[in-house]
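Student: Read in order, the letters of the sequence shown are residues 0 to 343 in numbering that gives the first Met the number 0.
From the three backbone atoms N, C-alpha and C, an ideal C-beta is built for every residue, glycine too.
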Amino acid sequence: MSLEEWFNKRWYPSEGRGASGLPLLAPVEGLYRLALKGRKSWARSHEPDPLSVPVIVVGNITAGGAGKTPLVAELARWLHERGMNPGIVSRGYGGRAKSYPYQVTEQSHPLESGDEPLMLRLVTGLPVMVAPNRAEAAQALIDYHQCDVILSDDGLQHYGLWRSMEICVVDGQRGFGNGRLLPRGPLREPLSRLDHVDVVISNGEPAPRVRQQCGERLDFTMKLEPFSWHQFNLDQTSTLKLESGPEPGPAHGVAAIGNPQRFFQTLRQLGYEVMEQAFGDHHEFSAQELQFDGVTPVMMTMKDAVKCRDFWQTHWWALEVRARLPDLFYQKIHQHIQNFSQHD
Numbered sequence: 000m001s002l003e004e005w006f007n008k009r010w011y012p013s014e015g016r017g018a019s020g021l022p023l024l025a026p027v028e029g030l031y032r033l034a035l036k037g038r039k040s041w042a043r044s045h046e047p048d049p050l051s052v053p054v055i056v057v058g059n060i061t062a063g064g065a066g067k068t069p070l071v072a073e074l075a076r077w078l079h080e081r082g083m084n085p086g087i088v089s090r091g092y093g094g095r096a097k098s099y100p101y102q103v104t105e106q107s108h109p110l111e112s113g114d115e116p117l118m119l120r121l122v123t124g125l126p127v128m129v130a131p132n133r134a135e136a137a138q139a140l141i142d143y144h145q146c147d148v149i150l151s152d153d154g155l156q157h158y159g160l161w162r163s164m165e166i167c168v169v170d171g172q173r174g175f176g177n178g179r180l181l182p183r184g185p186l187r188e189p190l191s192r193l194d195h196v197d198v199v200i201s202n203g204e205p206a207p208r209v210r211q212q213c214g215e216r217l218d219f220t221m222k223l224e225p226f227s228w229h230q231f232n233l234d235q236t237s238t239l240k241l242e243s244g245p246e247p248g249p250a251h252g253v254a255a256i257g258n259p260q261r262f263f264q265t266l267r268q269l270g271y272e273v274m275e276q277a278f279g280d281h282h283e284f285s286a287q288e289l290q291f292d293g294v295t296p297v298m299m300t301m302k303d304a305v306k307c308r309d310f311w312q313t314h315w316w317a318l319e320v321r322a323r324l325p326d327l328f329y330q331k332i333h334q335h336i337q338n339f340s341q342h343d
């Protein structure tokens, strides 16, 4: 069992009987709380200058994935289809570019860009810029691509980036776990942070416990739906998009995401008998780790697939999912952009 799995079993009541809040870590949680207060106090006295375009931050307040990256991709597509020129900024977790801001292209290597930024570039075709300082990445998108809306994939806690709107995504199954701050629980910030964001979205129908944790702050429910299957072409920088995958039957499900079980459940709903192969979030794969029997289909997320394209095999498949949200959500986004333009 990895350290990540060990913590998850204790953070989330539904994933292990020991979800009691790890009382021995209470002093460390206290230190984290103090550091968080100090950081927020510093941020209030060093507020960044507003940018010339709307900046919409899509993030969460828990460690690990909640579904924010598919939402960023869908929102970027929606804006582009309506004649806008959106750009995406990201920290580029796991990437080690030689210099920043780093522009992500189809030829980028995930060890430079990070896995999520490269996936976003491949599935949207829109400008993606990476930098530890997201404000620099955002300004680069404005300067070099004339982007008129900036979307930040993650970054609720990155107070160096000015934002005109904040969206918090919540895992509808796991919610906020035991409600404790790191490392005693999964929270990056206290639940009171929800009172200061503009929109709270549940990824999947929220469980009763999650509804209780969110209270009246839960605005919309998002559903991630299978959209298309992909296999990498011989050039390894583009994908062959397929409407259907292999015939239902046995398959190896590979996932190195925040909540692997969500992906495995999706595969089962599509009719596959899944042999689970879960890895830590952002895991860097080697070809040897994915050598099972050489015949049975190997299925993975797009986020994981971009890290495997250098040694891609013909019986491997990547599943692209799309976020689906109610029209009222998009109306809120449209109204926000209109209001920004009127006050600019």
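(1) In whole angstroms, what is the alpha-carbon distance linking N7 and I141?
(2) Given a threshold of 16 other Cβ atoms within 10 Å of its Cβ, counted over all protein chains shown, does A25 qualify as buried or as exposed?
(3) Exposed or buried, what is G17 when buried is set at 16 or more other beta-carbons lying within 10 Å of its beta-carbon?
(4) If you scan the segment 24 to 61 from start to end, which runs of the beta strand (DSSP E) of 3 or more residues do you find wholly inside it?
(5) Per DSSP, what kind of secondary structure is V196 in: helix, strand or coil?
(6) Looking only at its chain, what residues have a beta carbon closer than 7 Å to the beta carbon of F291, apart from the 5 residues adjacent to it on each side?
(7) With distances taken from CA atoms, which of N338, N59 and F339 is nearest R187?
(8) Kindly provide the ranges of any beta strand (DSSP E) runs that are 3 or more residues long and lie completely inside the segment 220 to 250, ordered along the chain.
(9) Among V199, Q211 and N232, whose alpha-carbon lies nearest the alpha-carbon of N311?
(10) Whose C-beta lies closer than 7 Å to the C-beta of D218 among residues of the same chain, with five residues either side of it excluded?
(11) Would you mind working out which of P12, I336, S89 and E115 sits nearest A206, comparing C-alpha positions?
(12) To which residues of the same chain is R308 closer than 6 Å at the C-beta, ignoring the five residues directly before and after it?
(13) Once DSSP output is grouped into helix, strand and coil, what is the label at C213?
(14) By DSSP, does S107 sit in helix, in strand, or in coil?
(15) Which value, in whole angstroms, describes the spacing of the CA atoms of N177 and R208?
(16) Just to check my reading of the structure: A134 and Y99 have Cβ atoms closer than 8 Å, yes? What is that Cβ distance to the nearest angstrom?
(17) Since T265 contacts P225 with CB under 8 Å, what's their CB separation in whole angstroms?
(18) Counting along the chain, where does the beta strand (DSSP E) carrying A317 start and finish?
(19) Taking the continuous beta strand (DSSP E) assigned at Q276, which residues delimit it?
Tutor: Taking the coordinates as given:
(1) Near 39 Å, if we compare the C-alpha coordinates of I141 and N7.
(2) It is exposed - the Cβ of A25 has fewer than 16 other Cβ atoms within 10 Å.
(3) The predicted position of G17 is uncertain, since its pLDDT is 46 and thus under 50; a value taken from the coordinates is nonetheless stated next. With fewer than 16 other Cβ atoms within 10 Å, it is exposed.
(4) You should have 54 to 58.
(5) coil
(6) Within the same chain, Cβ atoms closer than 7 Å to the Cβ of F291 are found at H251 and V297, the five residues on either side in sequence being excluded.
(7) N59
(8) 238 to 241
(9) Reading off the sequence shown, one finds Trp at residue 311, where the question assumed Asn. If we check each option's Cα against that of W311, N232 comes out closest.
(10) V198, V199 and I200
(11) P12
(12) F231 and Q235
(13) helix
(14) coil
(15) 10 Å
(16) With 8 Å as the limit, A134 and Y99 do not qualify as a contact, their Cβ atoms being about 11 Å apart.
(17) 6 Å
(18) Per DSSP, A317 belongs to the beta strand (DSSP E) from W315 to R323.
(19) Segment E272 to A277, the beta strand (DSSP E) holding Q276.
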